[in-house]
Amino acid sequence: MPRFVRWIWRVLAIHLAIGLAAYLHFLVTGSYRYLTWYFLVFGTLFFLLTTAAEFFLSFECRAGFEPDEPMRLAWTIIALSSLARFVSASLISLDHWRGVPVPGGTFPALAVILPRGLAQVGEVIGGPLSMVLLTIALSRILQIQRNFRILSGLTRMDLLLIGLIGAILFGEIANFVRYLSPPYDHPPLTKWILWLSDPLLSLLLVQAILIRRSVIKVGLGLISQCWEMYVIAIVTTLAGDTSIWATGKGLLSEPLIALSWYIWFFSAAAYACAPAYQLAAMTLPLHEVAIPKIDGQSFFERE
Amino acid sequence: MKRRRSSPEIDGSVSPSLVIAAHPGEDLAVDELSRKMLRWGRLWFGSSEDSETSEVHRQIRERLLSWLNLCIGRQARGVLTSRGEDVSLATSTPMLTALLGRRAVRELSRRVLNDL
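Which chain is which? The protein sequence lines are E and L, in order.
First residue of the first sequence? That's 15 in the numbering used here, and the numbers climb one at a time after it.
First residue of the second sequence? That's 23 in the numbering used here, and the numbers climb one at a time after it.
Put into structure tokens, the structure is as follows:
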């Protein structure tokens with residue numbers, strides 16, 4: 015496992031262990047006190063750390079390609095997408111802290127400095143904007159995979175899933191049209207943009223299915239694990255979105271609602287791991303490592 | 023004494039005639055160069071004619087396969103061989119370059135050809 019990936023999973027494991035303690039406290043006492051602090055302090059720090067790592071690693075991947083190489087553009091767009099997620103995490107965390115009083119006083123100091131609506135702007139940047147960028151980047155990667163015949167044919171199950179996603183997408187578009195016409199009020203711009211999250215996530219899911227097929231075709235390697243991480247990130251984002259929808263519809267109990275918040279940590283970790291795998295594949299030949307082994311024997315052992 | 027030789031592959035009627043001024047002993051150098059280029063060509067495309075080169079090709083092939091397994095995926099070989107081509111530097115370099123970048127593949131090729 016590459017060094018960066020190992021670090022990301024270690025940080026996630028420690029973070030979840032603390033989170034588990036907070037969750038158990040909530041289950042036993044019913045108090046949100048520690049759970050709120052956990053998400054406010056550790057959760058915020060985790061998102062800032064993983065999104066910053068994701069941006070740094072994607073930027074490094076981009077730098078590994080020369081300007082005329084097709085993957086350079088793909089990684090430039092991925093780096094922009096991760097930058098959008100980092101900016102979003104920063105804005106949302108600032109908005110969270112606006113309401114926290116300064117120690118020794120009761121007045122929240124940040125509330126004076128920061129404008130209102132930071133969280134919503136953050137949601138737009140980290141949601142639809144980063145998704146659009148990721149969709150474009152993954153399209154480019156799929157195109158490159160197709161050129162090298164890595165992109166495998168779809169199974170009936172894949173086609174069924176894509177059909178289902180298409181039907182949901184059609185339903186979403188019908189809903190938009192309905193909400194944009196009378197008797198409904200004209201929604202604010204940020205809300206209108208946020209509505210695009212679900213259709214964009216549907217597109218990402220279709221791309222994830224295609225990428226998953228190519229991963230199966232080439233088998234487990236560093237590059238295919240990078241693609242696999244994007245699939246995991248997209249699927250966990252969908253799971254997180256579904257839990258928000260289910261919470262809104264009142265389908266989840268209180269303990270399950272709190273548990274569903276943890277999904278986003280897995281998504282953030284997977285997004286950060288993807289460029290880490292790509293970077294590991296790109297830097298492996300540059301480092302003084304032993305020539306990889308075949309059937310458990312190195313070339314030197316064979317000779 | 024100077025001799026003049028023209029390249030037999032180039033048609034003088036369609037392109038300016040390529041005339042190489044050859045000094046005594048240059049023939050040997052040209053022969054050596056063409057022999058080396060032929061050898062590198064065979065290494066690149068993975069074609070072998072004698073037992074010595076086939077052993078080198080086997081080593082190159084195995085090294086390439088292990089890099090493909092490690093960097094791309096364990097069935098990456100199948101993607102290359104599905105086109106009816108065997109794994110060689112010529113067949114694997116385009117895919118590796120596209121996915122890893124030119125810089126990484128340059129170093130990878132150096133490692134594949136190391137000690138051969």
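Glycine included, every Cβ here is placed at the ideal spot set by N, Cα and C.
Taking 7 angstroms as the CB threshold, L/V78 stays off the interface with chain E.
Closer than 7 angstroms to the CB of E/F79 there is at least one CB belonging to chain L. Taking a C-beta distance under 7 angstroms as the contact criterion, E/H39 and E/Y52 do not qualify as a contact pair.
Within chain E, the residues P299 and L300 have their CB atoms less than 7 angstroms from the CB of L/E129, given in chain order. For the C-beta of L/V101, the chain E residues within less than 9 angstroms are, from N- to C-terminus, F162, R163, I164, K231 and V232. The residue among L/S114, L/R64 and L/L121 with its C-alpha nearest the C-alpha of L/V101 is L/S114.
E/R99 sits away from E/G141, with the two beta carbons spaced by 7 angstroms or more. Annotation: E/E68 to E/P196 spans about 43 angstroms, alpha carbon to alpha carbon. Those residues of the region 233-267 of chain E placed with their C-beta closer than 8 angstroms to a C-beta in chain L are G233, L234, G235, L236, I237 and S238, ordered along the chain. From the beta-carbon of E/P289, no residue of chain L is found nearer than 9 angstroms; the closest lies around 13 angstroms away. Any Cβ of chain E closer than 7 angstroms to the Cβ of L/G68 would place that residue at the interface, and such an atom is absent.
Spatial neighbours of L/F67 in its own chain (CB-CB distance under 7 angstroms, excluding positions within 5 residues in sequence) are listed in chain order as S110 and A112.
Taking the beta carbon of L/M117 as reference, the chain E residues within 7 angstroms of it are F162, listed in sequence order.
If you ignore the 5 residues before and after E/S238, its C-beta comes within less than 7 angstroms of the C-beta of V229 and V232, all in its own chain and listed in chain order.
Taking 4 residues as the shortest admissible run, the region 24-52 of chain E contains the following complete alpha helix (DSSP H) segments, listed from N- to C-terminal end: 47-51. The alpha-carbon separation between E/T64 and L/S104 amounts to approximately 39 angstroms. Segment contact: the region 265-272 of chain E against the region 203-221 of chain E, fewer than three CB-CB distances shorter than 8 angstroms; contact not assigned.
Sequence-ordered contacts of the region 71-96 of chain E with chain L read G78, F79, E80, E83, P84 and M85 [C-beta pairs closer than 7 angstroms].
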